[in-house]
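To start, the structure itself, in structure tokens.
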Amino acid sequence: MNNAPVAERGFPKEEVYRHLVSILGKEWVLHTPEELIVYECDGLTLHTRLPDFVVFPTCTEEVVKIVKLAGQYKIPFVPRGAGTSLSGGAIPVEGGVVLEFSRMNRILNIDYENRLAIVQPGVVNLHVTQAAKKKNFYYAPDPSSQMVSTIGGNVAENAGGPHTLKYGVTTNHVMALEVVLPDGEVYELGTAAGDAVGYDLVGSFVGSEGTFGIVTQITVRLLYSPPAVKTMLAVYDSVVDATKTVSGIIARGVVPAALEMIDRNTIQAIEASVYATGIPKDAEAVLLIEIDGLATGIEQQMERILEVIKTNNAREIRVAKNETERKKLWAARKNAFGAYGRISANYYTMDGVIPRSKLPQILQEIDDLGRRHGLRMANVFHAGDGNLHPIILYDIHQPGAKENVLALAGEILQRCVEVGGALSGEHGIGLEKQEFMSLIFSEADLHAMQQLKQVFNPENLANPSKIFPIRRGCRELPKNILESSDQKYKAYQEIVRF
Amino acid sequence: MKSPTSEIPGTLPSSETSRFIVDGLQPQVAVEPKSVEEIGELLRLAGTQKWGIVPFGAGTKQRIGNPLRRFDVAISLANFNRVPEYEPEDLVVKVESGCRLVDLQRTLAPDNLFLPLDPPYYNESTLGGMVASNASGPWRFGHGTMRDFLLGISVVQPDGTPTRFGARVVKNVTGYDMCKLYVGSFGTLGILTDFYFKLKPLPPCEKTVLVVLKGLSEVGLALDKLFSSPLTPSAVELLNPAALAVLNQSISLTDSKEGYSLVVRFGEVENAVKWQVEQLERLWEPLCAKGIILGDIVEQNLLWEVLREDRSYLNGFQGSVIKLKVNGKSNQLVELTQRLESFKEKMKCQVYIKSHAGSGIIRAFLHLATSPPEQQTMVACVQGLRSYLRPYRGTVIIESLPLALKGTIDVWGCDTKDKYLMQRIREKYDPLGTLNPGRFVV
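First to last, the protein sequences are chains U and F. Numbering-wise (the numbering used here), the first sequence opens with residue 1 and increments by one. Numbering-wise (the numbering used here), the second sequence opens with residue 1001 and increments by one.
In structure tokens form, the structure reads like this:
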């Protein structure tokens, strides 16, 4: 229904360009292919599409004018923060206008009395915490991209991160939003004053991946920074022992701030790279565990965790003695993705989520599936949340590599769903997984979701052709992605590989 | 219009319908469906017959809302009372909507887990009613509210179609976050049949500190100090002198001292609790607030029960009672408390106030001397408070109002622009207005 592609865009491009320039000035409207190519994709590089224009608004009023213009000419529009989406959230699949938010990057107010911050969508996630630091407050959601990704993008994708186990994801920390809907109207949703009355519009909007409209102002909750942090790393000879530790810790009534797992292939990649931390290369799994809280209680918590680690046959335990050591332990985790380059030409990062108790079973199955496809797998993920990030290692230049990778990815997702999990824990659906939605939702479920989209975006101009299946069946999108990316890679085939 | 007949599967004997009275209205039929299919059938029938339907859990929140436009059928979820899936290791549980909160907690307790929500009517409330009314209590300060715990939901849409959203995982961005839409939707978007909830480990140690302060300025100072400290209480409540007197009647703790009382609960590992209690005493010492510290869990639970439950503040009072939920900013607590206390003179009533301090939420019980109270004065008082709060996007919900006054004022007081979006949501999902017609914001 309203997810059908917007009508073929035969809009008068020059006329629209003139209008955009009159709103923002020439400097802030990109339209030549050389300028636009930067915006043809985001973190999901498999699929590309040039927008017709990229514009840089500075305030809500300008956003309103741009959106109204788009509405007038029925041109699709897509908001874009730092472009770190891994599911294609910011790719303008149907062309149109990309609104880039780097000029709306002000922290408007930090209200310590009410423990909240009011920010523009282009504010970088980490900058909120940096701004609130002097009074010991911070913004809890910390996606791995937090040094560059923006709050606007975090809201659109309902971003998670390693510390969400204890503190929750973006939606748990957003109190109110100012949004511009596709009809050009500005709405305030939610409130920082107690509970909002009526339906939870903020909760509905967060995670809608830009398909409801554009967020122009965000009120987020700030937390008092925990005075003490303890980080430890445990090395295992068996994945099962590591996963038993994960459930053991939770069962002891301790909710760590972070509980991350790194598997053998990742350890090897890290240890072969500049981020090497001296983890034994023959280890099967490593757990990175962080707890935070009051200095007084934290020792007691740590003792409980160490007990569980020891009971589950860890062969080595390291506890960071200071901030430098802590950073070093985290560096292994955070730079894992960079390190894969050492052991594989290409890799595809997946995102799936399963009930924690299914970890040992699913990890084994992923391994088996990989072997069946003749592909190596690595895994570095949020074990405490059951949020997997299987990494498929491959070489794009092998004939049929992409088909093989995407087929394997599909099978892994199917298994996640079969054990009671879901398609994405934190990367979103976007373009990447829209054809898989029917693995988990019935027609009626999808219809109900689309009804909500129609409330906000009845003409389907805001980020069209995302989230919902467009083609029939799960297998067709991969082919489509392949076509565009194959062409792209053909151009580079002659380049000497090193 | 055909009237509902006993041909509907699960229809209760007519003698039972009196259990389902809402604002003096009795339904023609009360139904206790046994399956999602039966609910679907009933909703489809209701659509063709233009019936008005009210879903029922324990009925403890049915006082909330504007008068019903129609009430033909009550749907009781009493048969949906199981806990079909429970995996302690995952800290996730699946519960049917008619299951009572206390029964769920009893299932979880042996594994040292709980769902950290403590609304009034704790012993009666069903999970379905709690989701529909976004019910919360003192724990919301440290643990959050329903929207933070609901991971998955099954909904029979108003047209009878069964749907399911979310999953049994703690982190999930697969499609829109539909769970949020149903929290606090007051049964207007579908019949909720089961849920997945995220759980937390029970705190290994708990202590409660109660202090009595002379005046509201001390309260403001005390809260400022607490909230800019690293202390992590699970609950921080403020009682006005009248509410403190209620507490004193039930459990004699403060030698009937008069004043405003802050009640703070800590729940963590033992060391952390002990340290925080000491820190709190040190923080508040300059305010001459010598605290009473409760360590005994039975004593603490008794105190929190009295504090939490509505019946404590109704306390056998036979006259008219108005219950307000005031949503303001956290730092408006003192100002709002003063304004509410001024109702005492204006409306000639006793004012009992308990607040979730730090969450910006105040619950006030007005015991009226005249019965029924003067409509104009009541409306003026509430509207005055609403005008004060409007610029901050704060609101006043009248959660309970004498029958004679229902319909004289909109109990929700939602008049912001986003109401239009709520109307569109309602029209999309329940175009015939079958569910709870007339009662909700839209």
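Glycine is no exception: its CB is placed at the ideal position from the N, C-alpha and C atoms.
(request) Would you grab the beta carbon distance between phenylalanine 468/U and glutamine 434/U for me? Rounded to a whole angstrom, and I think it's under 8 Å. (result) In the first sequence, counting from the first residue as 1, residue 468/U sits at position 468. In the first sequence, counting from the first residue as 1, residue 434/U sits at position 434. Indeed they touch by this definition, with Cβ atoms about 6 Å apart.
(request) Apply the 10 Å Cβ neighbour rule to tyrosine 1260/F and answer buried if 16 or more other Cβ atoms are within range, or exposed otherwise. (result) Locating residue 1260/F in the second sequence gives position 260, where the first residue counts as 1. When all chains shown are included, tyrosine 1260/F counts as buried.
(message) Taking the alpha carbon of serine 1015/F as the reference point, which residue from Gln1318/F, Arg1393/F, Ala1030/F and Glu1124/F has its own alpha carbon closest?
(response) Counted from its first residue, the second sequence places residue 1015/F at position 15. Put simply, of Gln1318/F, Arg1393/F, Ala1030/F and Glu1124/F the residue whose alpha carbon is nearest the alpha carbon of serine 1015/F is Ala1030/F.
(message) For glycine 81/U, which residues in the same chain have their Cβ closer than 7 Å to its Cβ, ignoring the five residues on either side in sequence?
(response) As a first step, residue 81/U is located in the first sequence; it is residue number 81 there, counting from the start. Cβ within range, chain order: Phe101, Pro121, Gly122, Ser149, Thr150, Gly152 and Gly153.
(request) Sort His447/U, Pro141/U, Glu432/U and Val63/U by Cα distance to threonine 349/U and report the nearest one. (result) What you label residue 349/U is simply residue 349 of the first sequence in a count that begins at 1. Of the listed residues, the one whose Cα sits closest to threonine 349/U is Glu432/U.
(request) Tell me, please, whether the segment 173 to 188 of chain U touches the segment 1367 to 1386 of chain F by the rule of three or more beta-carbon pairs shorter than 8 Å. (result) no
(request) Would you check if the segment 242 to 262 of chain U and the segment 329 to 347 of chain U touch, i.e. whether three or more CB-CB distances between them fall below 8 Å? (result) yes
(message) I'd like to know whether the C-beta of glycine 153/U is nearer than 8 Å to at least one C-beta of chain F.
(response) The residue you call residue 153/U lines up with position 153 of the first sequence. False, the Cβ-Cβ gap to chain F never drops below 8 Å.
(request) Output the boundary residues of the alpha helix (DSSP H) element that contains methionine 175/U. (result) Counting from 1 along the first sequence, the entry for residue 175/U is found at position 175. Boundaries for methionine 175/U: no alpha helix (DSSP H) harbours it, while the beta strand (DSSP E) harbouring it runs 174 to 180, taken from the DSSP string.
(message) For cysteine 1179/F, count the other beta carbons within 10 Å of its own beta carbon; 16 or more makes it buried, fewer makes it exposed. Which is it?
(response) Working through the second sequence from its first residue, we reach residue 1179/F at position 179. By the 10 Å Cβ count, cysteine 1179/F comes out buried.
(request) Compare the C-beta of threonine 1163/F against all C-beta atoms of chain U and say whether one is closer than 8 Å. (result) To locate residue 1163/F, count along the second sequence from 1; it is residue 163. Chain U, which has a Cβ nearer than 8 Å to the Cβ of threonine 1163/F, makes this yes.
(message) For glycine 1295/F, tell me which candidate among Val1264/F, Asn1240/F and Phe1317/F has the shortest Cα-Cα distance.
(response) In the second sequence, the residue the question calls residue 1295/F occupies position 295. Minimum Cα distance to glycine 1295/F is reached at Val1264/F.
(request) Mark arginine 1147/F as exposed unless 16 or more other C-beta atoms lie within 10 angstroms of its C-beta, in which case mark it buried. (result) The count along the second sequence starts at 1 and reaches residue 1147/F at position 147. When all chains shown are included, arginine 1147/F counts as buried.
(message) Let me confirm a value: leucine 1405/F is counted as buried when at least 16 other C-beta atoms fall within 10 Å, else exposed. Which label applies?
(response) Translated into positions along the second sequence, residue 1405/F becomes position 405. Burial call: buried.
(request) Can you give me the Cβ contacts of glutamate 973/F inside the same chain, cut-off strictly under 6 Å, excluding the 5 residues immediately before and after it? (result) Residue 973/F is absent from the structure shown; chain F starts at 1001 and stops at 1442.
(request) Output the distance between the C-alpha atoms of tyrosine 17/U and serine 1330/F, rounded to the nearest integer angstrom. (result) Here the question's residue 17/U lines up with position 17 in the first sequence. Here the question's residue 1330/F lines up with position 330 in the second sequence. So the alpha carbons of these two residues sit roughly 47 Å apart.
(message) Taking 7 Å as the limit between beta carbons, can you name the residues of its chain near valine 1269/F, skipping five residues before and five after?
(response) Taking the second sequence and counting its residues from 1, one reaches residue 1269/F at position 269. Contacts found: Pro1204 and Cys1205.
(request) Provide the residue(s) that pair with glutamate 62/U in DSSP beta bridges, ordered along the chain. (result) For the purposes of this step, residue 62/U is taken as residue 62 along the first sequence, with counting starting at 1. According to DSSP, which records beta bridges pairwise, glutamate 62/U is partnered with nothing at all.
(request) Figure out for me which residue from Gln414/U, Ala320/U and Arg106/U has the closest Cα to the Cα of isoleucine 362/U. (result) Here the question's residue 362/U lines up with position 362 in the first sequence. Closest option to isoleucine 362/U, Cα to Cα, is Gln414/U.
(request) State the Cα-Cα distance for the pair alanine 345/U and tyrosine 1392/F, rounded to the nearest angstrom. (result) Here residue 345/U refers to the residue found at position 345 of the first sequence. Here residue 1392/F refers to the residue found at position 392 of the second sequence. Alanine 345/U and tyrosine 1392/F: Cα-Cα distance of roughly 55 Å.
(message) I believe isoleucine 514/U touches alanine 234/U by the beta-carbon criterion, under 8 Å. Please report the beta-carbon distance rounded to the nearest angstrom.
(response) What is shown of chain U runs 1 to 498, which leaves residue 514/U out entirely.
(message) Is there a C-beta anywhere in chain F that falls below 8 Å from the one on asparagine 172/U?
(response) Within the first sequence, the letter at position 172 stands for residue 172/U. Output row for asparagine 172/U: interface = yes.
(request) Put aspartate 111/U into one of helix, strand or coil per three-state DSSP. (result) As a position in the first sequence, residue 111/U is number 111, starting the count at 1. Strand, per DSSP.
(message) Between Arg1390/F, Tyr1121/F and Thr1126/F, which has its C-alpha nearest proline 1055/F's C-alpha?
(response) Within the second sequence, the letter at position 55 stands for residue 1055/F. Each of Arg1390/F, Tyr1121/F and Thr1126/F was checked against the Cα of proline 1055/F, and the nearest Cα belongs to Thr1126/F.
(request) Return the chain-ordered ranges of every beta strand (DSSP E) run that is complete within the segment 1189 to 1213 of chain F and spans a minimum of 3 residues. (result) 1191 to 1198 and 1205 to 1213
(message) Taking the beta carbon of proline 1110/F as the centre, do at least 16 other beta carbons fall within 10 Å, making it buried, or is it exposed?
(response) Position 110 of the second sequence, counted from the start, is the residue given in the question as residue 1110/F. That one is exposed.
(request) Tell me whether isoleucine 317/U sits in a helix, a strand or coil according to DSSP, three-state version. (result) Within the first sequence, the letter at position 317 stands for residue 317/U. DSSP places isoleucine 317/U in strand when its eight states are reduced to three.
(message) Closer than 8 Å is the cut-off here; do at least three beta carbon pairs connect the segment 1219 to 1228 of chain F with the segment 1278 to 1286 of chain F?
(response) Output reads yes: the segment 1278 to 1286 of chain F touches the segment 1219 to 1228 of chain F.
(request) Could you confirm whether any beta carbon from chain F is found closer than 8 Å to the beta carbon of serine 438/U? (result) As a working mapping, residue 438/U is identified with position 438 in the first sequence. By this cut-off, serine 438/U is not an interface position.
(message) Suppose contacts are defined by Cβ-Cβ distances below 8 Å. Is arginine 372/U in contact with serine 273/U by that definition?
(response) Mapped onto the first sequence, residue 372/U falls at position 372. Mapped onto the first sequence, residue 273/U falls at position 273. Not closer than 8 Å, so no.
(request) Starting from the Cα of glutamate 290/U, find the closest Cα among Val353/U, Glu303/U and Lys281/U and give me that residue. (result) Indexing the first sequence from 1 puts residue 290/U at position 290. Checked all of Val353/U, Glu303/U and Lys281/U; the closest Cα to glutamate 290/U is Glu303/U.
(request) Could you list which residues in chain F have their beta carbon closer than 7 Å to that of serine 208/U, in chain order? (result) Taking the first residue of the first sequence as position 1, residue 208/U is located at position 208. Those within 7 Å of serine 208/U in chain F are Tyr1176.
(message) How far does the alpha helix (DSSP H) with methionine 1178/F in it extend, from its first residue to its last?
(response) Start at 1 with the first residue of the second sequence, and residue 1178/F comes out as number 178. Where methionine 1178/F is concerned, the enclosing alpha helix (DSSP H) stretches over 1178 to 1182.
(request) My understanding is that glycine 1057/F touches glycine 1137/F, with C-beta atoms under 8 Å, so please give their C-beta distance in whole angstroms. (result) Counting from one through the second sequence, the residue named residue 1057/F turns up at place 57. Counting from one through the second sequence, the residue named residue 1137/F turns up at place 137. About 16 Å separates the two Cβ atoms, so there is no contact after all.
(request) Measure the Cβ-Cβ separation of phenylalanine 1195/F and serine 1097/F and say whether it is below 8 Å. (result) Indexing the second sequence from 1 puts residue 1195/F at position 195. Indexing the second sequence from 1 puts residue 1097/F at position 97. Yes; because the gap between Cβ atoms is below 8 Å, this pair is in contact.
(request) State the start and end residues of the unbroken alpha helix (DSSP H) segment that holds asparagine 1081/F. (result) The residue you call residue 1081/F lines up with position 81 of the second sequence. From DSSP, asparagine 1081/F is part of no alpha helix (DSSP H); its letter is neither H nor E.
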